[in-house]
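Read left to right, the sequence shown gives residues 1 to 172 (the working numbering).
Here the structure is laid out as structure tokens; the discussion comes afterwards.
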Amino acid sequence: VYTLARAKIADGELFLEVPADGLIHGLFLLGQGCIRIEDMGLWSRSRVENAFSDDLRKLIRKLVPADEFIENYEVPGMLDAATYPIDYFIRTSGKPLYLFGVQNRDRARLVTIILQYLTAHAPAFDSMVVYSELSDVPETDTRRLISAANDIVPSIHDEASLEQKIKHRRVA
């Protein structure tokens, strides 16, 4: 059995070495590999961001009862609230928790602006930022965002940390 993992690249050419009696199967595998490579182009930035948003939504639904959070929240009575949306409002025993997902530099900058505006115009709240991967965001943008947020989770894959931090905020 030949797999695409055995394919090689040399001098800009992709090839798979197979014995003569495996030529048809090898050609089929090489064709499949080319299709998979072409499909990678379909994973545009918006698709990757949507996958992150879907993953974050699933985690929030898993960790917080449905009646205890609101997605795409706008602070009632706040001037220009629709311009400064909050990814997730999570009810707590004290100040509300505003949770934001960050998957790239542009999103980090936007969330920083939103948090600074909320700090100046909204009632008291706690904030948390969940990164797709902290290392995907430039350090200067991360530093500004960390200064604006109360708490961060450096990777969406760190589910235990997210769970612990949400539980801590909910009982605080």
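Every residue, glycine too, gets a C-beta built ideally from N, C-alpha and C.
Quiz item: Do you know offhand how far Val111's Cα is from Leu145's?
Solution: Translated into the one-based positions of the sequence shown, residue 111 becomes position 111. Translated into the one-based positions of the sequence shown, residue 145 becomes position 145. Rounded to whole angstroms, Val111 to Leu145 spans 7 Å at the Cα level.
Quiz item: In terms of residue numbering, what span does the beta strand (DSSP E) encompassing Leu14 cover?
Solution: Position 14 of the sequence shown, counted from the start, is the residue given in the question as residue 14. Looking at the DSSP string, the run of the beta strand (DSSP E) that includes Leu14 is 13-15.
Quiz item: Where does the unbroken alpha helix (DSSP H) through Val111 begin, and where does it stop?
Solution: Within the sequence shown, the letter at position 111 stands for residue 111. First-last of the alpha helix (DSSP H) with Val111: 105-121.
Quiz item: Is it the case that the Cβ atoms of Asp126 and Arg169 are separated by a distance below 8 Å?
Solution: Looking up residue 126 in the sequence shown gives position 126. Looking up residue 169 in the sequence shown gives position 169. Cβ distance < 8 Å, so Asp126 and Arg169 count as in contact.
Quiz item: How big is the Cα-Cα spacing for Gly33 and Tyr84?
Solution: As a working mapping, residue 33 is identified with position 33 in the sequence shown. As a working mapping, residue 84 is identified with position 84 in the sequence shown. Looking at the two C-alpha atoms, the distance is approximately 44 Å.
Practice problem: For Glu163, name the three-state secondary structure that DSSP assigns. | Solution: Residue 163 sits at position 163 when you count from the first residue of the sequence shown. DSSP places Glu163 in helix when its eight states are reduced to three.
Quiz item: DSSP three-state call for Ala66: helix, strand or coil?
Solution: Working through the sequence shown from its first residue, we reach residue 66 at position 66. Ala66 falls in the helix class under three-state DSSP.
Self-check item: Cβ neighbours of Lys165 in the same chain (closer than 8 Å, five flanking residues each side left out)
Solution: Taking the sequence shown and counting its residues from 1, the one referred to as residue 165 is at position 165. Met128, Asp151, Val153.
Practice problem: Identify whether Ala10 lies in helix, strand or coil by the three-state DSSP scheme. | Solution: Walking along the sequence shown from the start, residue 10 turns up at place 10. Residue state, collapsed to three classes: strand.
Quiz item: Is it right to say Ala10 is buried, meaning 16 or more other beta carbons lie within 10 angstroms of its own, or is it exposed?
Solution: Taking the first residue of the sequence shown as 1, we reach residue 10 at position 10. Counting Cβ neighbours within 10 Å, Ala10 comes out exposed, since fewer than 16 surround it.
Exercise. Answer with buried or exposed for Arg107, where buried requires no fewer than 16 other C-beta atoms within 10 angstroms of its C-beta.
Key: As a working note, residue 107 is residue 107 in the sequence shown. Arg107 should be labelled buried.
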